[in-house]
Amino acid sequence: MAEKKDAYVVEIPVDEEHQNKVLYCMKTIAAIQHHPSTEISQSPGHLLLLKLGQRDEDLFGRRIALKESRIDSIRREMFQLCCFFLLFHGLFWTMLFTSSVNVKQESNC
Numbered sequence: 001m002a003e004k005k006d007a008y009v010v011e012i013p014v015d016e017e018h019q020n021k022v023l024y025c026m027k028t029i030a031a032i033q034h035h036p037s038t039e040i041s042q043s044p045g046h047l048l049l050l051k052l053g054q055r056d057e058d059l060f061g062r063r064i065a066l067k068e069s070r071i072d073s074i075r076r077e078m079f080q081l082c083c084f085f086l087l088f089h090g091l092f093w094t095m096l097f098t099s100s101v102n103v104k105q106e107s108n109c
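Numbering of the sequence shown is given in the numbering used here, commencing with residue 1 and proceeding in unit increments.
So, in structure tokens, the structure goes:
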């Protein structure tokens, strides 16, 4: 292969947005390193307690989510029942009124 003598290097300028992202990432990493959980996790006994607490928190969160989904489905069913109730009574009263009007008109003749 022939060697290229006229090779050149292209410098890519770094814009301010990229620098802001890098600074934000560095601040986030620094905040994570100074988080109390990081200090607690350095001790084996405390790490175990932290993991148990996180597991309990996850378990409670799942239970709450399940209960919230049940409540939402019950609310939907109650709304449907109320709509059917109103629809039924609307039809019932309409039929009752029209039948009573027809009876009065026939008795007048």
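We treat Cβ as the ideally placed atom computed from N, Cα and C, and that holds for glycine. All values reported here derive from a predicted model rather than from experimental measurement.
Distance between beta carbons of residue j and residue i, contact taken as under 8 Å
i     : j     : result
Thr38 : Ile29 : About 11 Å; that fails the 8 Å criterion.
Ile40 : Leu47 : 7 Å
Range covered by the alpha helix (DSSP H) that runs through residue i
i     : result
His18 : 16-33
Ser43 : Run containing Ser43: none; DSSP gives neither H nor E here.
Where residue i falls, given that 16 or more other Cβ within 10 Å makes a residue buried
i     : result
Asp15 : exposed
Coarse secondary structure for residue i, derived from DSSP in three states
i    : result
Met1 : In this predicted model, Met1 has a pLDDT of only 47, less than 50, meaning its place in the structure is not dependable; the value taken from the coordinates is given anyway. Coil at Met1, not helix or strand.
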